[in-house]
Each structure stands twice: as structure tokens, then as C-alpha cells.
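Numbering (the numbering used here), first residue to last: 642 to 875.
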Amino acid sequence: MPLYRVSLNGVARWYYMRTRFAFTSHLALSQPGTTRQMEAVGSSRFFLDEASNTLFKLVADKYVVQRHPFKWWIRDILEKRLLGGFDALKEWRANTCIRRAGLRAIECRGVGVALNPFNPLGSLLAMEHLDRGESGADYFRRQGEEARLAFLQRVCDDAVALIRHGYYHRDFHYGNLLLDDAGEIVWIDTHVKRLPQDASQRRQTIVAMLSPTKLQGERYRAFAEAYLIRQLAL
């Protein structure tokens with residue numbers, strides 16, 4: 642993986658990156674208002690490369706070396722960075738899996754890991770910046786009941802396609818997708834996991850994927866469960 646110099650608001654850091662995009666070896670990233678809004682609703686850091694219209698998502702280490710040196714070494718350095726368990730690589734692979742299942746997903750352009758072990762932003766994912774479109778959560782909130790159920794059914798249809806491919810969404814909620822200008826669903830946060838082979842465990846896993854909190858109410862969770870059971874003949 643080539644070495645890239647990535648400047649975050651003027652602070653230079655070095656990353657090993659695997660890319661599907663013709664980035665320059667020196668990237669100067671900034672934080673316009675839209676990226677700060679993204680950070681307000683999550684734990685990741687977001688930066689923008691305006692030249693290529695690429696959004697960079699960086700995930701910080703869980704532990705601080707000065708406070709928990711042993712946990713930092715085992716979890717953040719050994720497991721995450723050296724053994725390839727860092728978040729960006731998981732999302733990169735999950736994005737590929739979702740696309741193979743026939744779903745639309747945001748274009749991933751690069752994945753990287755920090756060269757310096759003391760750089761707390763160890764995980765880097767570069768993706769297409771969709772500056773137009775509406776969050777699935779915002780769309781759901783402004784709809785009436787009939788339109789909400791129709792939208793939820795469309796989201797469940799995507800879940801069915803992924804399940805038939807042998808995987809399921811680990812974090813199944815409206816905020817993980819966008820609606821583009823044509824009203825089509827685009828998955829932007831693509832955490833997936835392989836389903837168990839055992840039929841009973843498979844059903845339990847699929848039902849457990851549905852949360853009343855994440856789907857905005859028990860009636861929507863129950864609707865999604867009934868729909869998935871019918872479509873998948875569980």
C-alpha cells in the first residue's frame with residue numbers, strides 16, 4: 642500500500658493507503674460545515690478533499706496510550722492496525738459485499754492505516770462525497786404513515802437481497818442510507834456480518850437485527866419483521 646501524506650486542517654500525518662482513485666501523494670483536507678454536522682451525530686472525524694470531492698472518515702483509537710498502555714497496544718495497535726482489524730478496512734470489505742448483493746452503495750475510493758502508532762486517528766476511509774441527497778432518517782421523519790411504511794418496505798427489500806447473499810446489516814437503521822435526487826436508496830454506512838448457517842440461529846439473527854429504537858417505533862419493527870419473514874419464508 643503506497644504512502645500518503647494527509648494534512649488534516651494543516652497538521653500532516655502519514656498513512657499507508659490502498660486506493661481505487663487517482664489521489665495525489667499529498668492530500669490537504671479541510672472541515673467545512675457539513676463535515677462538522679456529521680461529527681455532531683457520531684464518533685468519527687470527517688474531512689473533505691475539495692479537489693476530488695472525496696470525503697475522508699477517520700476513526701480514533703479506543704484507548705489513550707498514557708492511560709491504558711497495555712489495552713492500547715493489544716486492541717488499537719496489534720488487533721486493529723497490525724492484524725488488519727481496523728474499522729475502515731471492515732467498511733471497505735462490507736461495501737464490496739453490499740455491491741455484490743446488488744445494492745447501491747457509496748463509492749469507496751481508498752482505505753488506509755496510520756503509519757505512526759501514536760497518531761490516534763489510526764483508521765482512514767476515503768469515499769465519494771454525496772453533497773446532494775437526503776438522509777433516510779430525515780426522509781422518514783417528514784413522511785405520513787403510509788409513506789413511512791412504503792419506505793420501510795423498500796429498505797427491507799435491500800435487507801432481503803443482502804440476506805439472500807448470506808449477510809445482514811449489523812446496524813440496520815435509516816441514518817445509514819441516503820436518498821439521491823432520483824429517490825433511490827444509497828447505503829453510506831456499510832457494516833455487515835455473515836449470517837449463521839443454522840436455520841434457527843439465522844432466523845434469530847435476522848429478527849435481532851430489527852430494533853424499535855433504530856426503526857423509530859415498535860410498530861415499524863413489527864412491520865419489518867413480518868415483511869422479512871414473508872419474503873424469506875423463515
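Glycine included, each C-beta is placed from N, C-alpha and C at the ideal position.
C-beta atoms of residue i and residue j nearer than 8 Å
{"i": "L744", "j": "V801", "result": "no"}
{"i": "D702", "j": "W713", "result": "yes"}
{"i": "D812", "j": "D798", "result": "no"}
{"i": "D717", "j": "G763", "result": "yes"}
{"i": "F697", "j": "L765", "result": "yes"}
{"i": "Y809", "j": "K834", "result": "yes"}
{"i": "L723", "j": "I804", "result": "no"}
{"i": "R624", "j": "H667", "result": "Lying before the first or after the last residue shown, residue 624 is absent from the chain, which here runs from 642 to 875."}
{"i": "L719", "j": "F688", "result": "no"}
{"i": "G785", "j": "L820", "result": "no"}
{"i": "H806", "j": "A742", "result": "yes"}
{"i": "V700", "j": "A729", "result": "yes"}
Assigned exposure category for residue i - 16 Cβ within 10 Å defines buried
{"i": "N736", "result": "buried"}
{"i": "P761", "result": "buried"}
{"i": "F727", "result": "buried"}
{"i": "D690", "result": "buried"}
{"i": "H770", "result": "buried"}
{"i": "N757", "result": "exposed"}
{"i": "V754", "result": "buried"}
{"i": "G708", "result": "Rather than Gly, the amino acid found at residue 708 in this sequence is Arg. Exposed: under 16 other Cβ atoms inside 10 Å."}
{"i": "G777", "result": "buried"}
{"i": "T676", "result": "buried"}
{"i": "L644", "result": "exposed"}
{"i": "V705", "result": "exposed"}
Range covered by the alpha helix (DSSP H) that runs through residue i
{"i": "T846", "result": "A840 to A849"}
{"i": "A755", "result": "Counting along the chain, A755 falls outside any alpha helix (DSSP H), though it belongs to the beta strand (DSSP E) covering C749 to A755."}
{"i": "L730", "result": "D728 to R741"}
{"i": "G725", "result": "Unbroken run through G725: none, as it is neither H nor E."}
{"i": "A778", "result": "G777 to R782"}
Opposing strand residues paired with residue i [DSSP bridges]
{"i": "V647", "result": "R654 and L668"}
{"i": "Y808", "result": "R835"}
{"i": "F697", "result": "F688 and A767"}
{"i": "E825", "result": "E825 is not bridged to any residue."}
{"i": "A802", "result": "According to DSSP, A802 bridges with nothing at all."}
{"i": "R659", "result": "V752"}
{"i": "A746", "result": "W828"}
First through last residue of the beta strand (DSSP E) which encompasses residue i
{"i": "A863", "result": "No beta strand (DSSP E) holds A863; the alpha helix (DSSP H) holding it covers E859 to L873."}
{"i": "L819", "result": "L818 to L820"}
Same chain only: Cβ atoms within 6 Å of residue i, ignoring 5 sequence neighbours per side
{"i": "L875", "result": "R844"}
{"i": "R740", "result": "A746"}
Own chain partners of residue i with C-beta closer than 8 Å, once the 5 adjacent residues on each side are dropped
{"i": "F662", "result": "S693, T695, R750, G751 and A767"}
{"i": "E866", "result": "V848 and L851"}
{"i": "E825", "result": "R745"}
C-beta neighbour in chain D for residue i, strict 8 Å
{"i": "W828", "result": "Absent here is chain D; the protein component of the structure consists of one chain."}
Cβ-based neighbour list, residue i, same chain, cut-off 7 Å, excluding 5 preceding and 5 following
{"i": "W733", "result": "C749, V752 and L766"}
{"i": "F781", "result": "R789, F792, Y815 and Q857"}
{"i": "P837", "result": "R843 and T846"}
{"i": "P673", "result": "L689"}
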